[in-house]
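Undergrad:
In full-length UniProt numbering, the protein residues as written are 1 to 687.
So this is what it looks like as structure tokens:
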């Protein structure tokens, strides 16, 4: 495949990049370089090409005048000449877009071979990609990076510019063959708020981080900040962000200044872009930079705050390492953060974090377990979290270990594997539907996942046994289920049962679509408002994140199964009809009375005209219990949770000796042999 990554704004070049040099030279460039370098290393990618705008500005770097900049033999940055040689900020790019689009299409027409797929970054690049697709038929994938709807909700007054941006993003979401988000919040809340969003097109790919050892040393980081500080060896409270209001750096300065403990025990280090002086950059950059300096001056923080005006990428990496060495903390106090790549970069250095709970950081911190989430508008909460980390040695050590270990899973190689799979799906021709005589309905987490070799055996078996249709049945959302299937290389399911059997998805017209008929079947007697009202403020009941609250599911954390039984009784006493599903010793899901994995399994079998006697069901935990109880050919994998151990005594349940996917496969074979034997005996055929 020849893959193009298209981005119009910022100073896009090979590393080293002067991040923060302009307002638009930010994290998306790190993303694009990491993505494309990883793609260029793959055997199934013949050529990786970054396309951006060509301009002439010696202050920003003469490299941006070059038509081509080769990063490696399979990766090049191609710069398109639109006829305007000025560097243009995001707002000014709109007027230049038509000329850029015409020049790009002309460039493609001159080539012997067109790219296979375009990855458009931001809605302006997606607008270009739409026109390229109309002219040349090249499909495109869209990554928004930062969405306007959330930005508008934080604005005191709406402007024509923000409305135009939102309309453009909506068009990009509608026209793209696939949409990529980094976090669950972005995929399941932000993107789906757009009128044209269709959840079946939304894919979560977790960005990687640069783990290459750079030349910068701890000494270089110390030299960068030492001129500002009385005692550079104190724990460092580090923040790295562009100087824009939404990053909320001024509140961090106020929070630090308000705490005698932090002022006495720590240093505050802020990298807020690059500047020659306070008169350069966009109007917003200038205003934010002045505000930061004014607050430092107002609070008289000199000697315990550093705010270097220039730094390199190597300096940034060294500062993460130095902050970890001083047993400090990284802070992202943004009002809203779409993802939060700096939180992962901090983790790679073993540096615990304090992060905004609005947006992507809630996913990152939950996955890496390396920090605390805070309300970015609550200064006391920010202070308390920072103090807790720098004073609690055991907590700091635990979060640091978690950061180093868990961040290894976030790498660009995994991202590139996921992207190429999405690209192949975009390029694939629809295959004729097969008639399946059997179905395997299986949970994902721990039932199939957990052992790569077991997955390989499972995949080979499903490829050979074409008569068996594979159906996922998971507690996860559709976005997370698709990510897990992709990450583990599982076969593409015939249908998807998600959110604990409250949603069913299947292919229609080449796109994954929510089955509205199933939704209508389960909505009877369901009153989500009554559930919310009755459980609001219920003791020891903690709501799971907003994206876990689905139209036909309410999800909480509880202390134990006894607590779950109390809540079930409270719902019944309150006259609220609902099913309670308790799993994994702490997860509580409340569903419509007619919903659940068993109900969805029966619905899917009927839809595909597969007799229930030909359905196999595999699971490992409490949210699989109804499905395993209801299925004639149930499989309890060897690594099942204790909460479902009693199901092994049932005559319809086979308890596998093997674990994970190998256990599911073992159960299918045993059940199939037993059924064949029974049929032979009924027909009078000798065994």
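No residue lacks a Cβ here, since even glycine has one placed at the ideal position from N, Cα and C.
In this text, all values refer to a predicted model and were calculated from it rather than measured experimentally.
#1: Can you tell me where the alpha helix (DSSP H) with residue 121 in it begins and where it stops?
#2: Thinking C-alpha only, which one of 635, 398, 589, 642 is nearest residue 651?
#3: Can you check DSSP and say which residues form a bridge with residue 497?
#4: CB-CB under 7 angstroms to residue 36, same chain, minus the five flanking residues each way: which ones, in chain order?
#5: Under the rule that 16 or more other beta-carbon atoms within 10 Å means buried, what is residue 261, buried or exposed?
#6: Would you report the Cα separation of residue 514 and residue 206, rounded to the nearest angstrom?
#7: Taking one C-beta from the stretch 451-462 and one from the stretch 612-631 each time, how about it: are there three or more such pairs within less than 8 angstroms?
#8: Is it a yes or a no for the stretch 278-297 touching the stretch 403-420, going by three-plus beta-carbon pairs under 8 angstroms?
#9: Taking all protein chains shown into account, do 16 or more other C-beta atoms lie within 10 angstroms of the C-beta of residue 592, making it buried, or fewer, making it exposed?
#10: Given a threshold of 16 other Cβ atoms within 10 Å of its Cβ, counted over all protein chains shown, does residue 252 qualify as buried or as exposed?
#11: For residue 70, list the residues DSSP reports as bridge partners.
#12: Please say whether residue 386 and residue 331 have beta carbons closer to each other than 8 angstroms?
#13: So is residue 435 buried or exposed if we call it buried at 16+ other beta carbons inside 10 Å?
#14: With a 10 Å radius around its C-beta and 16 neighbouring C-beta atoms as the bar for buried, classify residue 28 as buried or exposed.
#15: Under three-state DSSP, which class holds residue 1?
#16: For residue 161, count neighbouring C-beta atoms within 10 Å of its own C-beta (all shown protein chains included) and say buried if the count is 16 or more, exposed if not.
#17: Report the rounded CA-to-CA distance for residue 689 versus residue 38, giving the unit in angstroms.
#18: Give every residue of the same chain whose Cβ lies closer than 6 angstroms to the Cβ of residue 638, excluding the five residues on either side of it in the sequence, and list them in chain order.
#19: Between residue 183 and residue 367, what straight-line distance do the alpha-carbon atoms span, to the nearest angstrom?
#20: Taking DSSP as the reference, what is the three-state secondary structure of residue 320?
#21: Taking C-beta to C-beta, are residue 136 and residue 100 nearer than 8 angstroms?
#22: Please say whether residue 30 and residue 319 have beta carbons closer to each other than 8 angstroms?
#23: Are residue 181 and residue 443 touching if we call contact CB-CB under 8 angstroms?
#24: What's the C-alpha gap between residue 69 and residue 477?
#25: Name the one or two DSSP bridge partners that residue 267 has.
#26: I'd like to know whether the C-beta atoms of residue 306 and residue 349 end up nearer to each other than 8 angstroms.
#27: At 4 residues or longer, what runs of the alpha helix (DSSP H) sit wholly inside the stretch 166-244?
#28: Could you spell out the range, first to last residue, of the beta strand (DSSP E) harbouring residue 28?
#29: If we count Cβ pairs, one from each stretch, closer than 8 angstroms, do we get three or more for the stretch 143-150 versus the stretch 113-128?
#30: Keeping to the same chain, check which residues put their C-beta closer than 6 angstroms to that of residue 512; ignore five residues upstream and five downstream.
#31: In angstroms with no decimal places, state the Cα-to-Cα distance between residue 66 and residue 96.
#32: According to DSSP, is residue 550 helix, strand or coil?
#33: Three or more C-beta pairs closer than 8 angstroms, one from the stretch 219-229 and one from the stretch 392-399: is that the case here?
#34: On the CB-based measure, 16 or more other CB atoms within 10 Å of its CB, does residue 301 come out buried or exposed?
#35: Given that a residue counts as buried once 16 or more other Cβ atoms are within 10 Å of its Cβ, and exposed if not, what is residue 427?
#36: Quick one: what does DSSP say residue 12 is sitting in, helix, strand or coil?
TA: The structure says:
#1: No alpha helix (DSSP H) holds residue 121; the beta strand (DSSP E) holding it covers 117-121.
#2: 635
#3: 473, 504
#4: 5, 48, 50, 75
#5: exposed
#6: 24 angstroms
#7: No: fewer than three Cβ pairs fall under 8 angstroms.
#8: no
#9: With 16 or more Cβ atoms within 10 Å of its Cβ, residue 592 is classed as buried.
#10: It counts as buried.
#11: DSSP lists 76 as the bridge partner or partners of residue 70.
#12: yes
#13: Residue 435 counts as exposed, since fewer than 16 other C-beta atoms from the protein chains shown sit within 10 angstroms of its C-beta.
#14: buried
#15: Taken through DSSP and simplified to helix, strand or coil, residue 1 comes out as coil.
#16: exposed
#17: The requested residue 689 does not occur in the structure, where the chain is confined to residues 1 to 687.
#18: 656, 657, 658, 659, 663
#19: 11 angstroms
#20: helix
#21: Not closer than 8 angstroms, so no.
#22: no
#23: no
#24: If I take the Cα positions, the gap works out to 41 angstroms.
#25: 236
#26: no
#27: 218-225
#28: Element bounds for residue 28: not the beta strand (DSSP E) but the alpha helix (DSSP H), 27-40.
#29: yes
#30: 200, 505
#31: 19 angstroms
#32: strand
#33: no
#34: buried
#35: exposed
#36: coil
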